[in-house]
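K.L.:
Below is the structure:
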């Protein structure tokens, strides 16, 4: 908040005058449905937030959702994971939550340190990137579902 000004708007009119922008989607995690969902999110939210915020949000969600599509269910072990995604525009950024019924996320994924490329044959930098582009990143697993929540802030945070 700016002293005497109330909540800071993402773009445009003061927060109280703006309509609430919410996007929700449920889908089976495949590369095609991930892309379709990200395009639909962009169409819904693009006019309500700045281009930088939208780009960072797309990058974070693409990394997260593509991980679910690629690693969420071993081949031959049933349908691709079912994903539920919600994004809400708030004065401080885009609040995002994603849940899926894929496999348990390895604990090493949530390490705030950059991974050693020698120990991550596929790169392993996705969660490191997600951690650095978001605030209030939370992961937990309950009733065979993964839950991830975070905010992509209006302003890019300074590097740690």
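Numbering (UniProt numbering), first residue to last: 1 to 160. Virtual Cβ for every residue (Gly too), placed ideally from N, Cα, C.
(1) Let me check one thing: in DSSP terms, what residues is residue 70 bridge-paired to?
(2) In this structure, what does DSSP give as the bridge partners for residue 141?
(3) How many angstroms separate the CA atom of residue 130 from the CA atom of residue 64?
(4) DSSP state of residue 24, grouped into three classes?
(5) Using 9 Å as the threshold, is the C-beta distance between residue 60 and residue 133 below it?
(6) Using three-state DSSP, classify residue 88 as helix, strand or coil.
(7) How close, in whole Å, do the beta carbons of residue 135 and residue 125 come, if the pair is a contact with beta carbons under 8 Å?
(8) With distances taken from CA atoms, which of 128, 155, 154 and 105 is nearest residue 148?
(9) What number of angstroms, rounded off, separates the C-alpha of residue 152 from the C-alpha of residue 46?
(10) In this structure, does DSSP put residue 98 in helix, strand or coil?
(11) What are the residues that DSSP puts in a beta bridge with residue 57?
(12) Ordered along the chain, which non-local residues of its own chain (more than five positions away) have a Cβ less than 7 Å from that of residue 27?
(13) Is it buried or exposed for residue 39, if we count other Cβ within 10 angstroms and need 16 for buried?
(14) Can you give the beta carbon distance from residue 29 to residue 68, rounded, assuming they're within the 8 Å contact cut?
P.N.:
In this structure, then:
(1) Residue 70 is not bridged to any residue.
(2) In DSSP, residue 141 forms a bridge with 146.
(3) Rounded to whole angstroms, residue 130 to residue 64 spans 8 Å at the Cα level.
(4) strand
(5) Yes, they are a contact pair.
(6) strand
(7) Actually they are not in contact, since the Cβ atoms of residue 135 and residue 125 sit about 19 Å apart, beyond 8 Å.
(8) Among 128, 155, 154 and 105, the Cα nearest to that of residue 148 belongs to 105.
(9) Straight across, the Cα-Cα distance linking residue 152 with residue 46 is about 14 Å.
(10) strand
(11) Paired residue(s): none; residue 57 is not in a bridge.
(12) 33, 37 and 83
(13) exposed
(14) 4 Å
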